[in-house]
Amino acid sequence: CSMCGKGFAQKAQLVVHHHIHTGECSFPCADCPKAFIDKSHLIVHCHTHTGKRPFLCAVCSQAF
Numbered sequence: 001c002s003m004c005g006k007g008f009a010q011k012a013q014l015v016v017h018h019h020i021h022t023g024e025c026s027f028p029c030a031d032c033p034k035a036f037i038d039k040s041h042l043i044v045h046c047h048t049h050t051g052k053r054p055f056l057c058a059v060c061s062q063a064f
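Structure (C-alpha cells):
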C-alpha cells in the first residue's frame, strides 16, 4: 500500500484495503445509512436487521 506500506499477496486485497484510507464504501446497507468496504462485512451487518444468528457455538450452543 502506497499510503501505509502494508503488503498484500493479491491486487484485489490491496484494492479493498485502499478503501480504508479513502473512506470509499462500495456496499451500502438497504435498511440503514451504513456502508461497507467489503461485501462480507455488509452480509454480517445485515444480520442485525434480520435477527438471523447463523453461527452456533459448539461449546454452549448459543447462536451468534
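So that you can map any letter, position 47 of the sequence shown is 47 in UniProt numbering, and since no number is skipped, the others follow by simple counting. Ideal Cβ positions, reconstructed from N, Cα and C, are used throughout, including at glycine.
Span of the alpha helix (DSSP H), counted from its first residue to its last, around residue i
i, result
"Q62", "Counting along the chain, Q62 falls outside any alpha helix (DSSP H), and DSSP gives it neither H nor E."
"K39", "39 to 50"
8 Å Cβ shell around residue i - same chain, five flanking residues per side excluded
i, result
"V16", "I37, D38"
"F8", "C1, L14, H17"
Residue closest to residue i, alpha-carbon to alpha-carbon, out of the options
i, options, result
"H45", "V59, A30, A58", "A30"
"H21", "C60, P33, K6", "K6"
Residues near residue i by beta carbon distance below 6 Å, same chain, minus five either side
i, result
"H19", "I37"
"L42", "F27, F36"
Same chain, Cβ closer than 7 Å to residue i, neighbours up to 5 away in sequence not counted
i, result
"A35", "C25, F27, P28, C29"
request  = Mind listing, in chain order, the continuous beta strand (DSSP E) runs of no fewer than 3 residues lying wholly within the UniProt domain "C2H2-type" (1 to 26)?
outcome  = none
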